[in-house]
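Participant:
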Amino acid sequence: MTARIAPSILSADFASLGAAIATAERGGADLIHIDVMDGHFVPNITIGPLVVKSIKRVAKVPLDVHLMITDPDKYAGAFADAGADMISVHVEVLPHLHRSIAYLKSLGVQAGVVLNPSTPVVAIEEVVADVDFVLVMSVNPGFGGQKFIPRSEQKVRAVRALLDRAGNKAPVEIDGGIDLSNIALVVEAGVEIVVAGSAIFHAPDPAAATKALKDAARSAALR
Ligand code: DX5
Ligand code: ZN
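For the sequence shown, the working numbering gives the first residue as 11, with consecutive numbering after it.
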């Protein structure tokens with residue numbers, strides 16, 4: 011199975027989000043990845059539900075909303091109402107992760123859990139049967155354009171193995187520092203959803219960059 015490409019609009023021109031999304035979709039984007047940051051959990055502030063609602067009106071593909079916020083239980087409902095199709099929440103901020111996952115599902119969205127680079131895979135062991143996807147951060151969250159942390163490849167393999175042991179076919183997503191130099195590596199490790207921000211929106215032709223990543227992921231999946 012080949013990987014889906016989820017362009018992260020964090021690296022797009024916020025004055026022309028609709029055009030950026032259309033360009034990524036023309037290149038074959040399977041999802042649009044939306045990075046929500048609150049200035050507390052991560053040192054940056056980005057997008058709220060109002061912007062997601064506007065994006066929902068123009069996007070043709072599902073919206074993958076990544077909540078890098080201190081209190082996702084409080085705001086997930088607003089993002090679901092705004093049109094999120096997938097919502098992922100960081101395990102580092104959730105003491106009642108099992109309840110939070112059930113809550114996301116009750117909102118009618120696909121429920122994902124996210125692991126920071128320093129968070130061990132064991133943190134999701136008790137909920138792994140319940141999740142719709144797992145997002146492995148391959149940079150420390152907060153900014154686009156950072157360097158891929160090589161150890162993330164092993165982490166993807168460990169998360170895939172954990173899901174498999176639980177009989178859960180949910181995909182593993184990766185986010186941070188992905189480009190043409192490392193996409194094959196992570197797809198071979200078991201990634202099925204690839205987030206890419208700067209590699210797409212800082213490229214001279216974001217549609218071509220999306221397509222190139224998709225082609226690279228496809229070849230890697232066939233190996
Ligand atoms: C980082 C965000 C990422 C980011 C990825 O906190 O979660 O989604 O936009 O950007 P690149 O692909 O440039 O690392
Ligand atoms: Zn993200």
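We put the CB at the ideal spot given by N, CA and C, even for glycine.
Being a predicted model, the structure only gives us computed values, none of them experimental.
1) Inspect the beta-carbon positions of residue 101 and residue 133 and report whether they are closer than 7 angstroms.
2) Taking contact to mean 3 or more Cβ pairs, one atom from each stretch, closer than 8 angstroms, check whether the segment 176-184 and the segment 201-220 are in contact.
3) Opposite residue 182 in the DSSP bridges: which residues?
4) Going by other Cβ atoms of all chains shown within 10 Å of its Cβ, with 16 needed for buried, is residue 170 buried or exposed?
5) Residues in its own chain within less than 7 angstroms of residue 151 by CB, not counting five upstream and five downstream?
6) What does DSSP give as the partner residue(s) for residue 214 in the beta ladder?
7) Could you tell me which of 128, 70, 176, 141 sits nearest to residue 30, measuring between CA atoms?
8) Hey, is the segment 134-142 in contact with the segment 95-109, meaning 3+ C-beta pairs nearer than 8 angstroms?
9) Quick check on the burial criterion: 16 or more other C-beta atoms within 10 angstroms. Buried or exposed for residue 124?
10) Taking the alpha helix (DSSP H) that residue 65 belongs to, which residues open and close that run?
11) What does a CB cutoff of less than 6 angstroms around residue 66 pick up in its chain, not counting 5 residues either side in sequence?
12) For residue 20, which residues in the same chain have their Cβ closer than 6 angstroms to its Cβ, ignoring the five residues on either side in sequence?
13) So what's residue 166 in DSSP terms, helix, strand or just coil?
14) Inspect the beta-carbon positions of residue 146 and residue 199 and report whether they are closer than 7 angstroms.
15) Contact defined as beta carbons within less than 8 angstroms: I believe residue 11 pairs with residue 231. What is the distance between those atoms, to the nearest angstrom?
16) Have a look at 64, 189, 226 and flag the residue whose alpha-carbon is nearest the alpha-carbon of residue 25.
17) Secondary structure at residue 223, three-state DSSP: helix, strand or coil?
18) DSSP has residue 36 in a bridge; who is on the other side?
19) Within the present structure, is the beta-carbon of residue 242 separated from the nearest heavy atom of the ligand ZN by less than 6 angstroms?
20) So, are the CB atoms of residue 117 and residue 90 less than 7 angstroms apart?
21) For residue 193 and residue 212, I'd like the C-alpha separation in whole angstroms.
22) Name the one or two DSSP bridge partners that residue 48 has.
23) One question on the structure: do residue 34 and residue 220 come within less than 7 angstroms of each other, judged by their Cβ atoms?
Facilitator: Looking at the coordinates:
1) Here residue 101 refers to the residue found at position 91 of the sequence shown. Here residue 133 refers to the residue found at position 123 of the sequence shown. Yes, the Cβ-Cβ distance between residue 101 and residue 133 is below 7 angstroms.
2) yes
3) For the purposes of this step, residue 182 is identified with residue 172 of the sequence shown, where counting begins at 1. Bridge partners of residue 182: 144, 201.
4) Mapped onto the sequence shown, residue 170 falls at position 160. It is buried - the Cβ of residue 170 has at least 16 other Cβ atoms within 10 Å.
5) By 1-based counting over the sequence shown, the position of residue 151 is 141. Only 52, 78, 126 meet the Cβ criterion.
6) Reading the sequence shown from its first residue, position 204 is the one you call residue 214. Per DSSP, none; premise fails for residue 214.
7) Position 20 of the sequence shown holds residue 30. Among 128, 70, 176, 141, the Cα nearest to that of residue 30 belongs to 70.
8) yes
9) Position 114 of the sequence shown, counted from the first residue, corresponds to residue 124. Buried, by the Cβ-count rule.
10) By 1-based counting over the sequence shown, the position of residue 65 is 55. First-last of the alpha helix (DSSP H) with residue 65: 59-68.
11) Reading the sequence shown from its first residue, position 56 is the one you call residue 66. Excluding positions up to five away in sequence, the list reads 93.
12) Against the sequence shown, residue 20 aligns to sequence position 10. These residues qualify, in order along the chain: 45, 154, 207.
13) Position 156 of the sequence shown holds residue 166. It is helical.
14) Position 136 of the sequence shown, counted from the first residue, corresponds to residue 146. Position 189 of the sequence shown, counted from the first residue, corresponds to residue 199. Not in contact: residue 146 and residue 199 (Cβ atoms no closer than 7 angstroms).
15) Along the sequence shown, read from residue 1 onward, the residue named residue 11 stands at position 1. Along the sequence shown, read from residue 1 onward, the residue named residue 231 stands at position 221. Between residue 231 and residue 11 the Cβ distance is about 6 angstroms, and since that is below 8 angstroms, they are a contact.
16) For the purposes of this step, residue 25 is identified with residue 15 of the sequence shown, where counting begins at 1. The shortest Cα separation from residue 25 among 64, 189, 226 belongs to 64.
17) Numbered from 1 along the sequence shown, position 213 holds the residue referred to as residue 223. The answer is helix: DSSP assigns residue 223 an H, G or I state.
18) The residue you call residue 36 lines up with position 26 of the sequence shown. Answer is none; residue 36 lacks a bridge partner.
19) Any property of residue 242 remains undetermined from this structure, which presents the chain solely from 11 to 233.
20) Along the sequence shown, one-based indexing puts residue 117 at 107. Along the sequence shown, one-based indexing puts residue 90 at 80. Yes, these two residues count as a Cβ contact at 7 angstroms.
21) Locating residue 193 in the sequence shown gives position 183, where the first residue counts as 1. Locating residue 212 in the sequence shown gives position 202, where the first residue counts as 1. Between residue 193 and residue 212, the C-alpha separation is close to 17 angstroms.
22) As a working note, residue 48 is residue 38 in the sequence shown. BP columns for residue 48 point to 55.
23) In the sequence shown, counting from the first residue as 1, residue 34 sits at position 24. In the sequence shown, counting from the first residue as 1, residue 220 sits at position 210. Yes, these two residues count as a Cβ contact at 7 angstroms.
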